[in-house]
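Chemist: Just dropping this structure here.
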Amino acid sequence: MHIMLVDDEKILSKHIKSKLKRNWYKVSLVENCSDFFNQSKLEDIDLFLIDISLWDGSWLEILKFIKESNTTRDIPAILVSWHTETALKVEWLDQWADDYIMKPFEFDELLARVRSNLRKKYPHITSSTLKYNSITFETSSREVYKSNQAIDLSKKEKQVLEYLMLHQGICVSKSDLQKMFWKDSKKWWIPENTINVTICNIRKKIWPDLQLKTIVWEWYCLQ
0 MHIMLVDDEK ILSKHIKSKL KRNWYKVSLV ENCSDFFNQS KLEDIDLFLI DISLWDGSWL
60 EILKFIKESN TTRDIPAILV SWHTETALKV EWLDQWADDY IMKPFEFDEL LARVRSNLRK
120 KYPHITSSTL KYNSITFETS SREVYKSNQA IDLSKKEKQV LEYLMLHQGI CVSKSDLQKM
180 FWKDSKKWWI PENTINVTIC NIRKKIWPDL QLKTIVWEWY CLQ
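See below:
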C-alpha cells in the first residue's frame, strides 16, 4: 500500500515515514502544498495523511483537490492536528476528510486508523487477516492457510507472501523485494536466484490458488 504523507515537520514526518515503512507501507513524503500540487500519478496513492498546519498553504486546498478529482476522490484522507476542539473535528469531517488523528498520538493508533480507512478501498485487508482466493494469512500468528489447511512456509516466504498480498494488483519489482527483505544481509548484493527460489517455493506450496504473474522477469504481480 502506498501512503502519501504531507507534513512540513521534518523530524516528526521522517519518524512517521520510517515507522510506516517498517510496517511494509510504501511512503512518499511531501513537505508543502507547492510540492503536493507538483506531484504526478496521485491516483496511484492508496491513502493520504495530511497535517493541517502547512506553512505555505491550506490543507483544505489539498483536501478539496483530492475529493473533487475523479481520479482521487475515492482515496481515503486522514487529517493530523494538534487541535482538540470538537467544532474543528466536525468541520474537518464535513469538509470531506475521511478521518483525523490528534497529536501527540500513539503509533499503534495511527496504524489502526490507516488500516481502517484502507479497508474502505480494499475490503480484503483486515486488522489481522489478509485474504486472497482460498488463502488466508493470519498476520498476528504468522500462520498461512489454504482452504483452512495450514501451509508450511519459511519465515522469508511468509514475509514475501504477506507483502504481495498487501499489494494485490500492484507490480512489485525484484529490487523492491531485495531492499525490503534482504537489506540486513551481510552481503552488499544477493544473487537474483535467491529471490527467484523464494518465489518459486511460494508458488509450489500454494499452487494453483496463487495467481502470481511474472512480468519481463523483473516484476511480480498478484492478480
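Here the sequence shown is numbered in numbering that gives the first Met the number 0, starting from 0 and rising by one per residue. Ideal placement from N, C-alpha and C gives every residue a C-beta, glycine not left out.
Given this structure, state the Cα-to-Cα distance separating H226 from N69, to the nearest angstrom.
Modeler: Residue 226 lies beyond the range of the chain shown here (0 to 222); nothing can be said about it.
Chemist: Given that a residue counts as buried once 16 or more other Cβ atoms are within 10 Å of its Cβ, and exposed if not, what is N195?
Modeler: Your numbering for residue 195 matches position 196 in the sequence shown. Burial call: exposed.
Chemist: Given a cut-off of 8 Å on the beta-carbon distance, is the pair H1 and K16 in contact?
Modeler: Residue mapping note: residue 1 aligns to position 2 of the sequence shown, counting from 1. Residue mapping note: residue 16 aligns to position 17 of the sequence shown, counting from 1. No; because the gap between Cβ atoms is not below 8 Å, this pair is not in contact.
Chemist: Going by DSSP, name the residue or residues bridged to Q148.
Modeler: Along the sequence shown, read from residue 1 onward, the residue named residue 148 stands at position 149. DSSP output for Q148 lists K145 as bridge partner(s).
Chemist: How is Y24 classed by DSSP in three states: helix, strand or coil?
Modeler: For the purposes of this step, residue 24 is identified with residue 25 of the sequence shown, where counting begins at 1. In this structure, Y24 counts as coil in the three-state DSSP scheme.
Chemist: Less than 8 Å between C-beta atoms, sequence neighbours within five positions excluded: which residues of the same chain meet that for I77?
Modeler: In the sequence shown, the residue the question calls residue 77 occupies position 78. L46, F47, L48, I49, A96, D97, D98, Y99, I100, R112, V113 and N116, listed in sequence order.
Chemist: Between the alpha carbons of V215 and V89, how many angstroms are there, rounded?
Modeler: The residue you call residue 215 lines up with position 216 of the sequence shown. The residue you call residue 89 lines up with position 90 of the sequence shown. Near 49 Å, if we compare the C-alpha coordinates of V89 and V215.
Chemist: Note down the Cα distance separating K155 from I65, rounded to an integer number of angstroms.
Modeler: Within the sequence shown, residue 155 is the residue found at index 156, counting from 1. Within the sequence shown, residue 65 is the residue found at index 66, counting from 1. As the crow flies, the alpha-carbon of K155 is around 37 Å from that of I65.
Chemist: Leaving out five residues on either side along the sequence, give the residues of the same chain with a beta carbon under 8 Å from the beta carbon of E161.
Modeler: Your numbering for residue 161 matches position 162 in the sequence shown. Excluding residues within five positions, the ones whose Cβ falls inside 8 Å are W23, L129, F136 and T138.
Chemist: Residue range of the alpha helix (DSSP H) that D175 falls in?
Modeler: Here residue 175 is taken as the residue at index 176 of the sequence shown, counted from 1. It spans K173 to F180 - the alpha helix (DSSP H) in which D175 sits, taken as one unbroken run.
Chemist: For my contact list, I150 and I61 are in at a C-beta cut-off of 8 Å; report their separation, rounded to the angstrom.
Modeler: Stepping through the sequence shown from its first residue, residue 150 is reached at position 151. Stepping through the sequence shown from its first residue, residue 61 is reached at position 62. Wrong, their Cβ atoms sit about 43 Å apart, outside the cutoff.
Chemist: What ranges does the beta strand (DSSP E) occupy inside the stretch 51-127, keeping only unbroken runs of at least 3 residues that lie completely in it?
Modeler: 76-80 and 98-101
Chemist: So, helix, strand or coil for W187, using DSSP?
Modeler: As a working mapping, residue 187 is identified with position 188 in the sequence shown. Summary for W187: the model assigns pLDDT 48, below 50, so the residue's position carries little reliability; its value from the coordinates is reported in the next sentence. Looking at W187 - three-state DSSP - the assignment turns out to be coil, as it is neither helix nor strand.
Chemist: Quick one: Cα of W187 to Cα of T193, how far?
Modeler: The sequence position of residue 187 within the sequence shown is 188, counting from 1. The sequence position of residue 193 within the sequence shown is 194, counting from 1. Confidence is the limiting factor: at W187 the pLDDT is only 48, short of 50, which leaves the residue's position unreliable, though a coordinate-based value still follows. Rounded to whole angstroms, W187 to T193 spans 14 Å at the Cα level.
Chemist: Under three-state DSSP, which class holds T138?
Modeler: For this step, residue 138 is matched to residue 139 along the sequence shown. Three-state result, T138: coil.
Chemist: Taking a contact to mean a Cβ-Cβ separation below 8 Å, would you say E191 touches K212 in this structure?
Modeler: Sequence index remark: in the sequence shown, residue 191 carries index 192 (1-based). Sequence index remark: in the sequence shown, residue 212 carries index 213 (1-based). For the 8 Å CB-CB criterion, E191 and K212 do not form a contact.
Chemist: On the DSSP bridge list, what partners appear for Y131?
Modeler: Position 132 of the sequence shown, counting from 1, holds the residue named residue 131. Per DSSP, I134.
Chemist: Please look up how many angstroms separate the CB atoms of N31 and D7, rounded, as I've assumed it's under 8 Å.
Modeler: For the purposes of this step, residue 31 is identified with residue 32 of the sequence shown, where counting begins at 1. For the purposes of this step, residue 7 is identified with residue 8 of the sequence shown, where counting begins at 1. Indeed, because the Cβ distance is near 6 Å, the residues count as touching under 8 Å.
Chemist: By the three-class DSSP mapping on this structure, what secondary structure does I169 have?
Modeler: Translated into the one-based positions of the sequence shown, residue 169 becomes position 170. I169 falls in the coil class under three-state DSSP.
Chemist: According to DSSP, what are the bridge partners of I2?
Modeler: In the sequence shown, counting from the first residue as 1, residue 2 sits at position 3. Answer by DSSP bridge pairing, in chain order: V26 and L46.
Chemist: Can you name the start and end residues of the beta strand (DSSP E) that W218 belongs to?
Modeler: The residue you call residue 218 lines up with position 219 of the sequence shown. Residues W218 to L221.
Chemist: Compute the beta-carbon to beta-carbon distance between Q158 and Y131, rounded to the nearest angstrom, for a pair I have assumed lies under 8 Å.
Modeler: Within the sequence shown, numbered from 1, the residue matching residue 158 stands at position 159. Within the sequence shown, numbered from 1, the residue matching residue 131 stands at position 132. That belief does not hold up - the Cβ atoms of Q158 and Y131 are roughly 16 Å apart, past 8 Å.
Chemist: Look up I205 in the DSSP assignment and give the residues it is bridged to.
Modeler: Along the sequence shown, one-based indexing puts residue 205 at 206. In the DSSP output, where bridge partners are listed per residue, I205 has none listed.
Chemist: Could you please give the first and the last residue of the uninterrupted beta strand (DSSP E) stretch that includes K40?
Modeler: What you label residue 40 is simply residue 41 of the sequence shown in a count that begins at 1. Per DSSP, K40 belongs to no beta strand (DSSP E) and is neither H nor E.
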